[in-house]
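Novice:
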Amino acid sequence: WHEGCGGCAYLGMEYEPQLSFKRGHVEDVLAKVGGFDGVKVSGPNSAASTLQYRNSMVYTFGEEGGERKQQQLQRQGGDGMVLGLHGKGTHDAIVDVEEGLLPSAAA
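Take 30 as the starting number for the sequence shown in the working numbering and just add one per residue.
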């Protein structure tokens, strides 16, 4: 997995703590944004497989890395364009991902 990939934020955690964290996150957002204090959310449904379960991914074309990375790629004869996923917390950085752990073969 790629640490900088926005979709891989929880892959460094064991699966059960991931589910608990996600449930708590939904409760926090409901309280802070929606004003629903004290709402208890039932846990997320467990996936049959913890990898390659997504049936849809949003890929994008863009420049890999920052300006320094672009200069290095151009010196190596590349144009610096990649097909990848949005980087963690941004829509400006594209992570060149050849093979992800989350998308299914169909995605």
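Backbone N, C-alpha and C define an ideal beta-carbon position, used for all residues, glycine too.
Assess, as a yes-or-no matter, whether the segment 38-51 is touched by the segment 72-80 under the definition of 3 or more beta carbon pairs within less than 8 Å.
Specialist: Enough Cβ pairs lie closer than 8 Å, so yes.
Novice: What number of angstroms, rounded off, separates the C-alpha of G118 from the C-alpha of T89?
Specialist: So the alpha carbons of these two residues sit roughly 15 Å apart.
Novice: Could you tell me if H120 is buried or exposed, where buried requires 16 or more neighbouring beta carbons within 10 angstroms of its beta carbon?
Specialist: Flag for H120 reads exposed.
Novice: Looking only at DSSP bridge pairs, what is F90 linked to?
Specialist: The partner list for F90 (beta bridge, DSSP) reads L112.
Novice: Cα separation between G116 and F50?
Specialist: Looking at the two C-alpha atoms, the distance is approximately 21 Å.
Novice: Return the bridge partner residues of V58 from the DSSP annotation.
Specialist: V58 pairs with nothing; no bridge assigned.
Novice: By a C-beta neighbour count over all protein chains shown, 10 Å radius and 16 as the cutoff for buried, is V111 buried or exposed?
Specialist: V111 is buried by the Cβ-count criterion.
Novice: Please report the straight-line C-alpha distance between M86 and I123, rounded to a whole angstrom.
Specialist: Answer to the nearest angstrom: the Cα atoms are 14 Å apart.
Novice: Considering only their Cβ atoms, is the gap separating S71 from R52 smaller than 9 Å?
Specialist: Yes, Cβ-Cβ distance for R52 and S71 is below 9 Å.
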